[in-house]
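First the structure, in the form of C-alpha cells, and then the observations on it.
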Amino acid sequence: METTEYRIPAVALRGMVVLPEMVTHFDVSRSRSIKAVEQALSQKQNLFVVTQQDPDTDAPEQEDLFTYGTVVEIKQIVKMPHNILRVLVEGMFRARLVELETGEYLNAQVEESEPEDFGDLPLVGKEAMLRNLKEIFQTYCEGASRNSKELVRQVLDSRTLEDMITQVMVHAPFDWEKQQRLLETQSLSACYEMLCITLNNEIEIERYRRNVQEKVKARVDKQQKEYYLREQMKVIREELGDDGPNTEAETFREAVEKLEASDEVKERIEKEIQRFLNAGFNSAEASVSRGYIETLLDLPWDKRGEDRLDLKVAEDILEKEHYGLEKVKERILEFLAVRKMLDASESPILCLVGPPGTGKTSVARSIAEALNKKYVRICLGGVHDEAEIRGHRRTYIGAMPGRIVDGIRQAGVKNPLMVLDEIDKVSADYKGDTFSALLEVLDSEQNSKFRDHYVEIPMDLSEVMFICTANDLSTVPRPLLDRMEIIEVSGYTENEKYHIATEHLMQKQMKKHGLDESRFQISEKAMQKIIHEYTRESGVRALERRIASLCRKADREILEKNRKKVQITERNLEKYLGKSIYETNMKAEHDEVGIVRGLAWTSVGGDTLEIEVNLMPGKGKFELTGQLGDVMQESAKAGISYIRSVSDDYELDPEYFQQHDIHIHIPEGAVPKDGPSAGITMATAMLSAVLNKPVRADVAMTGEITLRGRVLPIGGLKEKLLAAKGAGMKTVIVPEKNRRDVEELSREITGGLELVYAQNMNDVISHAFVQ
1 METTEYRIPA VALRGMVVLP EMVTHFDVSR SRSIKAVEQA LSQKQNLFVV TQQDPDTDAP
61 EQEDLFTYGT VVEIKQIVKM PHNILRVLVE GMFRARLVEL ETGEYLNAQV EESEPEDFGD
121 LPLVGKEAML RNLKEIFQTY CEGASRNSKE LVRQVLDSRT LEDMITQVMV HAPFDWEKQQ
181 RLLETQSLSA CYEMLCITLN NEIEIERYRR NVQEKVKARV DKQQKEYYLR EQMKVIREEL
241 GDDGPNTEAE TFREAVEKLE ASDEVKERIE KEIQRFLNAG FNSAEASVSR GYIETLLDLP
301 WDKRGEDRLD LKVAEDILEK EHYGLEKVKE RILEFLAVRK MLDASESPIL CLVGPPGTGK
361 TSVARSIAEA LNKKYVRICL GGVHDEAEIR GHRRTYIGAM PGRIVDGIRQ AGVKNPLMVL
421 DEIDKVSADY KGDTFSALLE VLDSEQNSKF RDHYVEIPMD LSEVMFICTA NDLSTVPRPL
481 LDRMEIIEVS GYTENEKYHI ATEHLMQKQM KKHGLDESRF QISEKAMQKI IHEYTRESGV
541 RALERRIASL CRKADREILE KNRKKVQITE RNLEKYLGKS IYETNMKAEH DEVGIVRGLA
601 WTSVGGDTLE IEVNLMPGKG KFELTGQLGD VMQESAKAGI SYIRSVSDDY ELDPEYFQQH
661 DIHIHIPEGA VPKDGPSAGI TMATAMLSAV LNKPVRADVA MTGEITLRGR VLPIGGLKEK
721 LLAAKGAGMK TVIVPEKNRR DVEELSREIT GGLELVYAQN MNDVISHAFV Q
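full-length UniProt numbering numbers the first residue of the sequence shown as 1 and each following residue consecutively.
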C-alpha cells in the first residue's frame, strides 16, 4: 500500500480529538496555533490536528504529541474576543506524524495512514458484525437519553460495516482518551473489538448508575413521604389536643438516633417502639413496652468512660487514702501497667477477703478514683433470689432488670468499677441459686455476652472491673472462687491502727463534726490507749466510732462551756470514754502445771486462749467444757490418744488413765470456740498435768496434732502473732509448715518474738516445759 508524505501546518489540541468524517470546532489562542491556521488558509491547504499527551503543556514538542492525528479541512473561522479564533473543521483522513518543525508555527511532515480493512472476511461475517454493532449501539443509546433520535437513526442506517464503525466512532460521546485509542488502532478489526468492549462497559456503567439513582430516589421519596405524613399527624394531634403514644414514639425514635449502640440493639428498640404504637394507649401492654424501651435507652451500650493510665497519680491516690494494704495497691498498679502497655486489657475480677472494718469497700472506692472510673456499689448481703442478679422476665408484673444491669445503668458507662459487697452473705432458696447466677457475671470468658432476663439483649460486661468483698470464703462455692483473684486483707497491727487514726480517721471525723486542729486534739499516748484498751478488732470501725464519740463530746464542751480548745490526753481519756472496756489476757506471772496459752483466730482478729487441765482420781472419764465445737473436741481426743500411745516413754503406769479422770476447760465458756489450731495446746496441757511438770508462762503455741504426734499447719498466723505479742509472750511455737507464712510478715509483727518451728510434739514439749 502506497503512502503519501507532505508538509502541512499543524495545531496541537488539548483534551480533544478530531476523527475522520467528524465535523466539529475548536478554539485556538496560542500564537503558534493561530499562525498555523492563518498559514493553512493563505496557502489553501488543509490542517493537521493532533492531540497533546499532557493538556497542561504550553509549548509542545514532537515528543509531547501523540503519533496519530487527523488531516482536516477548515470550513469556517470566527474571531472571538481576547484574540481567540474559533475554527470549524471536517475530518478527512488519519495521518501519522513523521516530523515536526517548531518555528513561528508548527509545521508537520505527515503521511496518510488508513487502518487495514477486514481482508478476506466473508460477507456473512461482516453482516453478523454489523448487526451486532448496531444492536450494541442501539442498547447504548436507549440508556443514554442525551442522544437525539435523528442521530441514532442516521448511525443505524449505515449499510456497510466500515461505515458503521466510522459513524459510531464519530457520534458516540466517548472521552478524548478513548477516542485517541480508537484513532491509533491499526486495523478495522481491532477498532471494531474496541468499540464493542467500550460500548458494553458504558452500558453496564449506565445500568449501575441508574440502579443507584433509583435506590437513592426511592429512599428520598420514602423519607419525604414519612416526613409529610408525620407533619400532618402533628397538626391533627395539635388540633385535637391529643398527646398520645405517637408523640412518645417520636421522642423514643429521637433518643434511638442519639444512642451509642450497635445496629442490632437499635433494630430491637425500633421493633419495640412499633409494638408500643400498635398497642392501645392505656393498655397494660403499652405500659410494659414503655418501661422496657426506657430501660433500653438508659443503658450505656457502647458508651465508655476514659480511664486514667497514669501510674504515678494512681499510686499517690492509693498511698494518700490508705495506709498499708500493700498487696492490693501492687495488684492495681500491675493492672494499670498492663492496660498502658497494651492500650487495652481485660478488667480483673478481684475478691478482697478480710475481717470487718479493714477497709475493703473504701479501698475499692479509692481504686475507682485512682483509675478515674465510675463507682457502683451493689450489696449482696441477704440476696437469695436469682432474679436479683439476672433480672425478672417481662411476663411478670413489676418486672425489672437485675442489680448488675441496674448498676451499669446508674454508672452511665459500660466500663465502671462495680463493687459486689458481702458476696459471702449470699444465700440460696427455692427461688434459685444466687451463687450460680453470679458464675456468668464473674467469668471474663463468658460475661461478654451476659443476658439479663428483662433486657434480653446480650450485654458486654468484660470491660467492667469487678471487686468483690467477703469476710469468710468458707461459704462461697469453689467454682465461684475459681473465677476470682483472691487478695487477703488481714487485720491491722496497733501501729497501723495508730497511723490510720491520725492520718485519716481524725481528719474525717473532725470535718464531720465541725472541728479543726486548733480546737480539738488527741495526744499520741491517748490514741494508743484508745486502740489498746477501748477497741478489740482487726479493722478500725470501732476505733472510728470512739474518735467520733470524742468529737461529739468536744462539740458539746465548746458550746456549753465556751472552751476554745479541747485536748484529749491519757489522763483525761477516762473522763470522756469511761472505764477501759478490754483488758489484754497478759501472760501468767508464774509457770504452772496444766495451764497452757494457745492462740486463736476470730472474726475480729487474733486472741489468746488459756487452756486448763485437771487430773482427779476416777475411772478414766474424759470431760470437755467451755462450749467447744466438734473440731476442738476431736483435737482433744487425738491429743489424749497420742499421750496414751507414748506413756511408756514417760514411765507411766499402764493403768494410770483407767484410774484418773481428765477434765479440759477453756474459760469464757459462754463464747463458742472451734477451729483446727488448738491440738498441740491441749495435748501439751494434758501431758503437763499427767507428768506434773510446769509449762513456761511466756510461751504461746498454735497448731493441730495428729494421732502420731505430727504438727499440722494452721491459718490466721498474722493475727495470732499479734495477739501473742499483745499478751506479752516471749516465745511462740508454730508449725514448721508455716515457716513460709512467717517469712512474708513484716518485722513489725515478728519483732521481739522468739519463733520456734515444730514438726512434732517432741519439739513442742522441749520448748514448752520448764527444764
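Backbone N, C-alpha and C fix where the C-beta goes; we use that ideal spot for every residue, glycine too.
Query, Result
"Can you check which of these residues, F118, F93 and S287, is closest to V110 by C-alpha distance?", "F93"
"Tell me which same chain residues have a C-beta within less than 6 Å of the C-beta of A700, skipping the five on either side of it?", "R597, L599, A724, M729 and V732"
"Unbroken alpha helix (DSSP H) runs of length 4 or more, entirely within the stretch 698 to 765: which are they?", "717 to 726, 739 to 743 and 747 to 750"
"So V419 is in the beta strand (DSSP E); what residue range does that whole segment cover?", "L417 to D421"
"Give a yes or no on whether the C-beta atoms belonging to E202 and Y140 are separated by under 7 Å.", "yes"
"Quick one: which unbroken alpha helix (DSSP H) runs of 4-plus residues sit fully inside the stretch 314 to 393? Chain order, please.", "326 to 342, 360 to 371 and 387 to 390"
"Please indicate yes or no: does the CB of L599 lie closer than 6 Å to some heavy atom of the ligand FMN?", "The ligand FMN is absent from the structure shown, which contains no ligand whatsoever."
"Decide if Y227 is buried, meaning its Cβ has at least 16 other Cβ atoms within 10 Å, or exposed.", "exposed"
"Quick one: any contact between the stretch 433 to 453 and the stretch 380 to 389, if contact means 3 or more CB pairs under 8 Å?", "yes"
"Assuming Y396 is part of the alpha helix (DSSP H), what are its boundary residues?", "Element bounds for Y396: n/a, residue is neither H nor E."
"Rounded to whole angstroms, what is the Cα-Cα separation between V216 and R268?", "25 Å"
"Mark A670 as exposed unless 16 or more other C-beta atoms lie within 10 angstroms of its C-beta, in which case mark it buried.", "Annotation note: pLDDT 44 at A670 (below 50); position unreliable, no value reported."
"Taking the DSSP output, what are the residues bridged to A12?", "V50"
"Helix, strand or coil for M1? Go by DSSP, reduced to three states.", "Reliability fails at M1, whose pLDDT of 44 lies under 50, so the model's placement of it is uncertain and the value that follows must be treated cautiously. Residue state, collapsed to three classes: coil."
"Hey, quick one: how far does the alpha helix (DSSP H) through M465 stretch, first residue to last?", "From DSSP, M465 is part of no alpha helix (DSSP H) but of the beta strand (DSSP E) over M465 to A470."
"Let's test the definition: count the other Cβ atoms within 10 Å of the Cβ of S766 and tell me whether it reaches 16, buried, or not, exposed.", "exposed"
"Just to confirm before moving on: does the CB-CB distance between A683 and D591 stay below 7 Å?", "no"
"Give every residue of the same chain whose Cβ lies closer than 8 Å to the Cβ of L371, excluding the five residues on either side of it in the sequence, and list them in chain order.", "D307, R308, A314, I332, L336, L417 and M465"
"Within 10 angstroms of its Cβ, does I680 collect 16 or more other Cβ (buried), or is it exposed?", "buried"
"Taking its Cβ as the centre, do 16 or more other Cβ atoms sit within 10 Å of V764, making it buried, or is it exposed?", "buried"
"To the nearest angstrom, how far is the alpha carbon of D58 from that of K266?", "59 Å"
"At what residue ranges does the stretch 186 to 266 contain a whole run of the alpha helix (DSSP H), taking only runs of 4 or more?", "188 to 240 and 245 to 258"
"In the DSSP assignment, the alpha helix (DSSP H) including residue 774 goes from what residue to what residue?", "The first residue shown for the chain is 1 and the last is 771, placing residue 774 beyond what the model contains."
"How big is the Cα-Cα spacing for V690 and G751?", "34 Å"
"If you check the beta carbons only, do L461 and N471 fall under 7 Å apart?", "no"
"Ordered along the chain, which non-local residues of its own chain (more than five positions away) have a Cβ less than 7 Å from that of L755?", "V732, V734 and V742"
"Determine, using beta carbons only, whether D298 and R409 come nearer to each other than 7 Å.", "yes"
"If contacts are defined as beta-carbon pairs under 8 Å, then T51 and M16 qualify, I think. What distance do you get, rounded to the angstrom?", "7 Å"
"How many angstroms separate the CA atom of E610 from the CA atom of K693?", "17 Å"
"Please state whether the Cβ-Cβ distance between D555 and H513 is less than 7 Å.", "yes"
"Using DSSP's beta-bridge definition, name the partner residues of P694.", "V593"
"Would A526 and T535 be called neighbours here (beta carbons separated by less than 7 Å)?", "no"
"Check whether chain B comes within 7 Å of K340, counting only Cβ atoms and requiring the distance to be less than that.", "Absent here is chain B; the protein component of the structure consists of one chain."
"First and last residue of the alpha helix (DSSP H) that includes E38?", "S31 to S42"
"When DSSP labels each residue in this structure, what does V155 get in the three-state scheme?", "helix"
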